[in-house]
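Just so you know, the sequences run in chain order A and B. Under numbering that gives the first Met the number 0, read the first sequence as residues 0 to 536, first letter to last. Under numbering that gives the first Met the number 0, read the second sequence as residues 0 to 457, first letter to last. Just so it is clear, CB atoms sit at the ideal spot from N, CA and C, and this is done for glycine as well. This report refers to the structure that appears directly beneath it.
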Amino acid sequence: MHEEVVVQNSNNKELGKHLLVSLLILFLIGGTILMFGLGINNLHFPLLSVLIFFPVAGAALIAVLPRDKEELIKFSALLISIVEFILSIPLYVSFNKATHHMQFREEYLWIPQWGIKYSLGVDGISVLFILLSSLLTILCVTVSWKEINKKIKEFYAALLITHSAMIGVFMSLDIFLFYIFWEAMLIPMYLIIGVWGGPRRIYSAIKFFLYTFVGSVLMLVGILVLYFHTGTSDILTLMKTSYPYKMQLWLFWAFFAAFAVKVPMWPVHTWLPDAHTEAPTAGSVILAGILIKMGAYGFLRFNLPMFPEATVAMKPFMMILSVIAIIYGALICLVQKDLKRLIAYSSVSHMGFVTLGIFALNQQGIQGGILQMLNHGIITGALFLCVGIIYQRTHTREIAQYGGVASVMPAYSAFFMAFTLASIGLPGTNGFIGEFLILLGAFKSWKLMCVLAATALIIGAGYMLWLYQRVFFEKTNPAFLHHIHGYGDLNAREIATLMPLLVAVLWIGFYPNALLSFMDQSVRELISHVISAGAVK
Amino acid sequence: MNIPQIPLNFEALIPEMLLTGFASLILLTGLLKIKNEILVWISVLFLLILVLIVPFKEGEAFGGMFLNDFLAIYLKLIILIGAALSLLVLNSYLKEKLILLKESIALILFSAVGMMLLVSAKELISFFVSFELMSLSIYVLVGIRRYDMKSNEAAVKYFMLGGLSSAIMLFGIAFLYGATNTTDFSVLIKSLSNNFALVYIGIGLFLIGLCFKIALVPFHMWAPDVYEGAPTPVTAFISTLPKVAILGAFGRILIEIFRDYYIDWSSFLIVLSIATMAVGNLFALAQRNIKRMLAYSSIAHAGYITIGLIVGTQTGLNAVIVYMLIYTLMNIGAFAMVIAFNEEDIENYKGLHKFHPALSLAMLIFMFSLTGVPPTAGFIVKFSIFLQAVKSGFTWLVIVAVLFTVVSAYYYLRVIMYMYMKDPVTVLKPIRSKELEIAIVVCATGVVIFGILPVFLI
């Protein structure tokens, strides 16, 4: 037995050396690309393609690593995700905020027979999601470090492929390409929930797949109709085309089917609590952080600009659905017994705010909606990470089992408090800015809806603070605390995981312009397009 | 009497003649003691050589009885590749289940000859004869495990119903001949309008005969039993290639000859297509045996494919043919996995991923491709069919089809779920065979590569 330990140690040392060398090489590559990236917007460097395919290549690399070298697999996944993040920084640095035009364009003919192009580009709306996704993927890797014990190789490969598909969705400027990425993402996500999830993972995974699949295939029909009406699959051309009103209505609903399920809007939200609850922490973070944002993004990219008249006509209906989601989600949260389920339902409520903002159809509303999407990704992502951290120690998510956590895990409690307050929307945190802008926008467009939505803020404060009280204060459960004692407070890896998100919460909270300035032009253009086309009718 | 000089033009038929000769030789080798592997590999190589020859044999032969155009050549390539894959799959089965390999090889090759002639047939008699050549070989193949009751039952069932369908089709042909006094398709077109009622009955009976063979609902009853009872490699073969040949021929006949009757046959097919998708998908949900499940799923696929015919245009037909190619790869691949695991009960696929990650990954690819999830080729070909349907104004039919696709997702996903998400109950020992592995790898890479780069496909 002693020998075994020695062998392991020497293996670890060797591993460390290899890792140091590879770290160095990768950082050198990353650094060069970053320097290069400052002027990248004007060069013909296929940055977006690299961003999409680098994680796929990484996943392939992980897949061929030997199965027993677990540390090596984890470190490679971490490195790949870090390099991916570094690669995405040029997007932020050299993005031209003064224009609404698509940037970093790439275009190749892909299926010439159908005139379908491999066409990529980002504007002020999508660039932020790509950054968020890159950041969250790193955190997903670190949080899974101890949580994932089986089929480690497959897990990290699936995680990286999911990331590729998601940013592909945000980059696609061809509707066919968009659909490919949109659907391709289902495969790894289905596996992540179903293989590494909780006890009811299989039911949840299948429900997740089938719900999203129904919506997506209806969108596919919509895409086909669009394609035949215009003869092109280029999104920018499709935006400029005007369609007959009746057709707009049909298409609006076809696309609505896909996006509403993804958001998820009431009443097609039921897959979300199940999927969130059963998924492993990393899966929940991806779901909350990026995946459900794709629905709202779809509204902004397709429904609003392509079917403006239908959008204006459907605005009241959409706002009512949003408000139902907001209030219903918040009320349901009050009666949840499971920590993760509560946060999942609060997602329904928060995403209701997002759609409310978007369909307010004014500058504040839409900007608030986009900001709230990012905020929700950060805050809920962080909350899920927190739940994952404590679940690992106690193996329970039932709120009633908790109590007195604050006394044994002070640092953890502080982080959780910060994210709770952000979720409630305390001024100074990012949650406040988003909700405030949305309510402002909603007030301008339909006062009653604004008032109704605002009541959910109170309920929101109620359920989150009550949750905090029950988990962190109150009577302690000795058997339960014993588990935590064995583990102690947050370790360095966990703090490193949560810290970036806390920084983001405060940074956006105090200086929202850092993000708002990105989307300003794009949103302005979008609004003027919708209003002018919608008013013509 | 002056007999008109008909240019025979044998050159166009060289691949078929070579294949017939080769298949007969294989039968003769039964007298010699040649190792089975060698025989299989020689046949596969021969088929691959034919793949190289076929594209250069364009033209007509026998005074218009036989036509080798682009469509026929494309279909023949699919048939040859599919037959080669089936042979590879077949070989590994021999060691386990003791079937008559040499005869099976010969029968598969003869059947392939029938299919190749079928897609080139330009006349009713040659059409029927090649149709029967194909079918008779298959009847025997289904029952090739002589001492297995299930196999025998399947063969008898198939033969009875197949014979009935042939009879119905022949009856239809007789009506058409009676109405027009010709069996040549090109003459048939011109003289169709003469005798209304007879033509209608003729077309109807003819279509029903064809629908039997591609297992469109309600003419599908034989399919699940036959697919289940037949030896698995034979199932892989008969669930794909005969459909390729018949649907290709079917499409040509409908679109080129019965174009004037488009309204009638398309509405007939719309009903069948919807019924097929419904029955195939819904019944597949309930299956516990993976072969039966794949059988019902292949019925469902026939429903999707029919949409391409309903469109009634040349581009629609092209979409159908491309679909057939990918469908052949997916289905032979999926059946190859069933052979590899040597297990028919889906329950026993639980936890397979633990022991056979590579095979499970291949199965995952096939299942997602059969569902039609990008970036697999299964999506691209479904998309191309739907594209043509929407183009011709069948948007509602596409909506029906995509909703049934969602249903199909459930049972395909169940296989993946069992493999990846459940704990193993039994340890399956896969058959290790190079030929089988090659077949699976070819199918899986084909499905992925055509999915990402469909340029080569369309």
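| Query | Result |
| --- | --- |
| Measure the C-alpha to C-alpha separation of I345 (chain B) and T327 (chain B) and round it to an integer number of angstroms. | 22 Å |
| M336 (chain B) versus chain D: which residues are under 7 Å apart at the beta carbon? | Included in the structure are the protein chains A and B, with no chain D among them. |
| Spatial neighbours of V53 (chain B) within its chain, please: C-beta separation below 8 Å, excluding the five flanking residues on both sides. | P14, I72, K75, L76, L79 |
| How far does the alpha helix (DSSP H) with Y303 (chain B) in it extend, from its first residue to its last? | 289-310 |
| Going along chain A in order, which residues have a C-beta closer than 8 Å to the C-beta of A408 (chain B)? | F208, L209, F212 |
| Using a C-beta cutoff of 8 Å, does R200 (chain A) count as contacting chain B? | yes |
| Please report whether the beta-carbon of K349 (chain B) lies at a distance below 8 Å from any beta-carbon of chain A. | no |
| Measuring only the C-alpha atoms, how far is L140 (chain B) from A22 (chain B)? | 14 Å |
| Within this structure, are the beta carbons of L355 (chain A) and L525 (chain A) separated by less than 8 Å? | no |
| Kindly list, in the order they appear in chain B, the residues whose Cβ is closer than 8 Å to that of P111 (chain A). | V454 |
| Around the C-beta of V337 (chain B), are 16 or more other C-beta atoms found within 10 angstroms, so that it is buried, or is it exposed? | buried |
| With DSSP collapsed to three states, give me the class of D173 (chain A). | strand |
| Which residues, taken in chain order from the region 391-403 of chain B, show a beta carbon closer than 8 Å to some beta carbon of chain A? | T394, V397, I398, V401, L402 |
| Assuming L123 (chain B) and M133 (chain B) form a contact by the criterion Cβ under 8 Å, report the distance between their Cβ atoms to the nearest whole angstrom. | Rounded, the Cβ-Cβ distance is 16 Å, inconsistent with contact. |
| How about M276 (chain B): is its C-beta nearer than 8 Å to some C-beta of chain A? | no |
| Does DSSP put D273 (chain A) in a helix, a strand or coil? | helix |
| For Y419 (chain B), which residues in chain A fall below 8 Å Cβ to Cβ? | L190, G193, V194 |
| Quick check on this structure: which residue in A:H349, A:C385, A:F415, A:G364 has the alpha carbon closest to the alpha carbon of F442 (chain A)? | A:G364 |
| What three-state label does DSSP hand F120 (chain A) in the structure shown? | In the sequence as presented, Phe is not what sits at residue 120 (chain A); that position holds Gly. Note: G120 (chain A) maps to strand in three-state DSSP. |
| Assuming I254 (chain B) contacts G311 (chain B) under a Cβ cut-off of 8 Å, what Cβ separation, rounded to an integer in Å, is found between them? | 6 Å |
| If the cut is a Cβ gap below 8 Å, which residues of chain B does V284 (chain A) touch? | Correct list: empty, because the minimum Cβ distance to chain B is about 21 Å. |
| Residues in the region 174-189 of chain A with C-beta within 9 Å of chain B's C-beta atoms, listed in sequence order? | F175, Y178, I179, F180, W181, E182, A183, L185, I186, Y189 |
| Rounded to whole angstroms, what's the CA-CA distance from P241 (chain B) to L86 (chain B)? Just pull it up for me. | 15 Å |
| Mind pulling the chain A residues with CB within less than 7 Å of F365 (chain B)? | Neighbours of F365 (chain B) on chain A: none; closest Cβ ~13 Å, over 7 Å. |
| Rounded to whole angstroms, how far is the Cβ of A339 (chain B) from the Cβ of I430 (chain B), which I believe are closer than 8 Å? | 6 Å |
| Identify the continuous beta strand (DSSP E) that holds G58 (chain B) and give its terminal residues. | 58-60 |
| Shorter than 8 Å from the beta carbon of I205 (chain A) to some beta carbon of chain B? | yes |
| Would you mind telling me which residues of chain B sit closer than 7 Å to L438 (chain A), beta carbon to beta carbon, in chain order? | Result: empty, since nearest Cβ-Cβ is about 37 Å, beyond 7 Å. |
| Since D537 (chain A) sits in a beta bridge, which residues does DSSP pair it with? | Nothing about residue 537 (chain A) can be reported from this structure: the residues present for chain A run from 0 to 536 only. |
| Does the count of Cβ pairs from the region 324-334 of chain A and the region 345-354 of chain A closer than 8 Å reach three? | yes |
| For N90 (chain B), count neighbouring Cβ atoms within 10 angstroms of its own Cβ and tell me buried if that reaches 16, exposed if not. | buried |
| Spell out whether any CB of chain B is found under 8 Å from the CB atom of V220 (chain A). | yes |
| Just mark R291 (chain B) as buried or exposed, buried being the case when its beta carbon has 16 or more other beta carbons within 10 Å. | buried |
| Once the 5 residues before and after S163 (chain A) are set aside, which same chain residues still bring their CB inside 6 Å of it? | I51, P54, V55 |
| Taking F385 (chain B) as the query, report the chain A residues whose CB atoms sit under 8 Å from its CB, ordered along the chain. | L219, V220, L223 |
| Taking 8 Å as the CB-CB limit, is V216 (chain A) close to chain B? | yes |
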